[in-house]
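Notes to accompany the following structure.
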């Protein structure tokens, strides 16, 4: 019997319908709806009325889809935009009143745990030390892990939508905008650097979102391949990443929209998010970069089945 997982992200509301068979995630269906829940509200720590309306429509759509698949249960998780908003609880209560769905508003630490669970279930990474990174709209999570154990984790208020609102970069990105981003990251990620001294790792694994789009841009733009060929995992050549980054760095919004492999909902964010990835790769000398197409929702599914059994 399938379970539905809804991830109420800051940019997109994601739906996964699936089950666990022989310890593996079996995906029956998955989709995402762009909501931009945090748009215009980060500085005020308040969800705007139009964002709430978009969110409710997305929830209704996902619930209808889940019911069409006859799922046994629907689990819903809200992250940065909801947990940080003064009216986040009101939004969650409205979802329950309108649709009978209880949404768990999870902490940054819990979000990091579920992301790690999802990444670990996507591929056999063995005992290799990993830096897992999830760039969301409202927050970015880092997890240092090896052999299935989490050594260190932290959620930072460095989501790409939040940074866009804070920096308000020119289009294309200006050198001063990039300097501002690097200055923000220098100040915010000091403890990540300290943690990497204690738990060294040079394999960066990015979960879903921006890493997914970067893989699509590489596959479609450089290799002229179908983007659905990457499976649960895609290992980047760093030279390919640099090629696409150079294109993104100097592109306008219109040029990004025309890039093979670009999702319309990601075009505005990919310059900053790829700049964040590049900062981490260069700052801590990452030797390997991998996409995991599994993230929070797959981790939640794995934990749900483990707890059920």
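Residue numbers (this note's numbering): 10 to 318.
No residue lacks a Cβ here, since even glycine has one placed at the ideal position from N, Cα and C.
Quick caveat: nothing in here was measured; it's all calculated off a predicted structure.
query: Who are residue 243's beta bridge partners in DSSP?
result: What you label residue 243 is simply residue 234 of the chain shown in a count that begins at 1. Bridge partners of residue 243: 300.
field: C-beta atoms of residue 305 and residue 31 nearer than 8 angstroms
entry: Within the chain shown, numbered from 1, the residue matching residue 305 stands at position 296. Within the chain shown, numbered from 1, the residue matching residue 31 stands at position 22. Cβ distance not < 8 angstroms, so residue 305 and residue 31 don't count as in contact.
field: Classification of residue 16 by the beta-carbon crowding that lies within 10 angstroms, buried from 16 upward
entry: Start at 1 with the first residue of the chain shown, and residue 16 comes out as number 7. With 16 or more Cβ atoms within 10 Å of its Cβ, residue 16 is classed as buried.
query: Can you tell me where the beta strand (DSSP E) with residue 168 in it begins and where it stops?
result: Residue 168 sits at position 159 when you count from the first residue of the chain shown. Element bounds for residue 168: n/a, residue is neither H nor E.
- prompt: Do you know offhand how far residue 307's Cα is from residue 267's?
  reply: One-based indexing of the chain shown puts residue 307 at position 298. One-based indexing of the chain shown puts residue 267 at position 258. Near 31 angstroms, if we compare the C-alpha coordinates of residue 267 and residue 307.
- prompt: Roughly how many angstroms lie between the CA atoms of residue 134 and residue 142, to the nearest whole one?
  reply: Counting from one through the chain shown, the residue named residue 134 turns up at place 125. Counting from one through the chain shown, the residue named residue 142 turns up at place 133. Going by the C-alpha atoms only, they are around 15 angstroms apart.
query: Below 8 angstroms between beta carbons: does that hold for residue 54 and residue 13?
result: Within the chain shown, the letter at position 45 stands for residue 54. Within the chain shown, the letter at position 4 stands for residue 13. For residue 54 and residue 13, no; Cβs fall outside 8 angstroms.
message: I need the boundaries of the alpha helix (DSSP H) containing residue 69, first residue and last residue.
response: Taking the chain shown and counting its residues from 1, the one referred to as residue 69 is at position 60. Its alpha helix (DSSP H) spans residues 58 to 77.
- prompt: Between which two residues does the beta strand (DSSP E) harbouring residue 15 extend?
  reply: Taking the chain shown and counting its residues from 1, one reaches residue 15 at position 6. Segment 12 to 17, the beta strand (DSSP E) holding residue 15.
message: According to DSSP, simplified to helix, strand and coil, what is residue 162?
response: Reading the chain shown from its first residue, position 153 is the one you call residue 162. In the structure shown, residue 162 sits in a strand (DSSP, three-state: E or B).
Whole-angstrom distance between residue 213 and residue 69, CA atom to CA atom: Within the chain shown, numbered from 1, the residue matching residue 69 stands at position 60. Within the chain shown, numbered from 1, the residue matching residue 213 stands at position 204. If I take the Cα positions, the gap works out to 36 angstroms.
- request: Measure the beta-carbon distance from residue 205 to residue 153 and round it to whole angstroms, keeping in mind my assumption that it falls under 8 angstroms.
  value: In the chain shown, counting from the first residue as 1, residue 205 sits at position 196. In the chain shown, counting from the first residue as 1, residue 153 sits at position 144. The beta-carbon distance between residue 205 and residue 153, rounded to whole angstroms, is 7 angstroms. This is short enough to meet the 8 angstroms contact definition.
field: Delimiting residues of the beta strand (DSSP E) encompassing residue 150
entry: By one-based count along the chain shown, residue 150 stands at place 141. 149 to 155 is the extent of the beta strand (DSSP E) around residue 150.
- prompt: Who are the near neighbours of residue 103 in its chain, counting only those whose CB is closer than 8 angstroms to its CB and skipping five residues on each side?
  reply: Against the chain shown, residue 103 aligns to sequence position 94. Excluding residues within five positions, the ones whose Cβ falls inside 8 angstroms are 61, 65.
field: residue 219 beta carbon less than 8 angstroms from that of residue 303
entry: Position 294 of the chain shown, counted from the first residue, corresponds to residue 303. Position 210 of the chain shown, counted from the first residue, corresponds to residue 219. For residue 303 and residue 219, no; Cβs fall outside 8 angstroms.
query: Based on the DSSP secondary-structure assignment, which residues constitute the bridge partners of residue 33?
result: What you label residue 33 is simply residue 24 of the chain shown in a count that begins at 1. The beta-bridge partner set that DSSP reports for residue 33 consists of 30.
field: residue 320 versus residue 112: straight-line alpha-carbon distance, rounded
entry: Only positions 10 to 318 of the chain appear in this structure, which leaves residue 320 out of reach.
field: Whether residue 149 touches residue 168 by CB criterion (8 angstroms)
entry: Locating residue 149 in the chain shown gives position 140, where the first residue counts as 1. Locating residue 168 in the chain shown gives position 159, where the first residue counts as 1. It is a contact, given that the beta carbons lie within the stated cut-off.
field: Coil, strand or helix - residue 146 by DSSP
entry: Against the chain shown, residue 146 aligns to sequence position 137. Of the three classes helix, strand and coil, the one that applies to residue 146 here is coil, per DSSP.
query: What number of angstroms, rounded off, separates the C-alpha of residue 287 from the C-alpha of residue 164?
result: Here residue 287 refers to the residue found at position 278 of the chain shown. Here residue 164 refers to the residue found at position 155 of the chain shown. Whole-angstrom Cα-Cα distance: 19 angstroms.
field: Element boundaries [alpha helix (DSSP H), containing residue 115]
entry: On the chain shown, residue 115 is found 106 positions in, with the first residue counted as 1. Neither: residue 115 is in no alpha helix (DSSP H) and is coded neither H nor E.
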